[in-house]
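Engineer: Questions regarding the structure given below will be posed in turn.
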Amino acid sequence: FFSVAALQHMVEAAAPSLSKAEYNAYYNKIGKFLQDWIPIIGAEKPQADTNPFLLEAERGFNIVAHKHQTKCFNVALVALCKSGKSTFLNAMMGRDFLPSHNVPETACIVRVKHNPHCAQGRLFLN
């Protein structure tokens, strides 16, 4: 009853070369998509006894809506050793936060979190 492919298409269509206005347009389209579907799924909840998918769909849409509102998302970058993962992420962030050398440097899970109160950024190690 909904098209995940449509949402995926909107995300894939948002190429890295978008202007801020174009990005905001796509962001708003995705937000409208979520706003339109969450109440529809909620209205179908009485049928959850016969269609347990509805509860899962509602939970999934609520999670995606929260991530959309908070602009919080996870990205997994997996590749062979010394293939340039840290270099790629540093380039995406516009600054060398992650170490990158000729020997393996980040042989563990690394979490990067944006903090709008720290304009220059910092690298914290757990």
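Residue numbering for the sequence shown is 52 to 177, as defined by my numbering. Even for Gly, the Cβ is constructed at its ideal location relative to N, Cα and C.
#1: Measure the C-alpha to C-alpha separation of L85 and T121 and round it to an integer number of angstroms.
#2: Is it the case that the segment 140-156 contacts the segment 108-125, given that we only count it when at least three CB pairs across the two stretches are under 8 Å?
#3: Just to confirm my understanding: we take G93, look at its own chain, exclude 5 residues before and 5 after, and list those with CB closer than 7 Å. What are they?
#4: Please name the residue, chosen from T138, D100, V161 and N166, that lies closest to V154 on a Cα-to-Cα basis.
#5: Report the CB separation of K96 from L105 in whole angstroms; it is logged as a contact under 8 Å.
#6: According to DSSP, is P97 part of a helix, a strand, or is it coil?
#7: Suppose you measure from the CA of H168 to the CA of V161; what does that come to, to the nearest Å?
#8: Our contact map puts N113 next to I91 with C-beta atoms below 8 Å; I'd like the distance itself, whole angstroms only.
#9: Going by the CB atoms, is the gap between A130 and K136 shorter than 7 Å?
#10: How would you write the range of the alpha helix (DSSP H) that N153 sits in, first residue to last?
Structural biologist: Straight from the coordinates:
#1: In the sequence shown, counting from the first residue as 1, residue 85 sits at position 34. In the sequence shown, counting from the first residue as 1, residue 121 sits at position 70. Between L85 and T121, the C-alpha separation is close to 14 Å.
#2: Because the criterion of three Cβ pairs below 8 Å is not met, the segment 108-125 and the segment 140-156 do not touch.
#3: Position 42 of the sequence shown holds residue 93. Cβ within range, chain order: E109.
#4: Taking the first residue of the sequence shown as position 1, residue 154 is located at position 103. The shortest Cα separation from V154 among T138, D100, V161 and N166 belongs to T138.
#5: In the sequence shown, residue 96 corresponds to position 45, counting from 1. In the sequence shown, residue 105 corresponds to position 54, counting from 1. The beta carbons of K96 and L105 sit about 6 Å from each other, so the pair counts as a contact at 8 Å.
#6: Within the sequence shown, the letter at position 46 stands for residue 97. P97 carries a helical assignment under DSSP once its states are collapsed to helix, strand and coil.
#7: Indexing the sequence shown from 1 puts residue 168 at position 117. Indexing the sequence shown from 1 puts residue 161 at position 110. Taking the straight line from one Cα to the other gives about 21 Å.
#8: Within the sequence shown, numbered from 1, the residue matching residue 113 stands at position 62. Within the sequence shown, numbered from 1, the residue matching residue 91 stands at position 40. With a Cβ gap of about 13 Å, N113 and I91 do not count as contacting.
#9: Looking up residue 136 in the sequence shown gives position 85. Looking up residue 130 in the sequence shown gives position 79. With a cutoff of 7 Å on beta-carbon distance, K136 and A130 are scored as near each other.
#10: Numbered from its first residue, the sequence shown carries residue 153 at position 102. Note, N153: premise wrong, no alpha helix (DSSP H); not H, not E.
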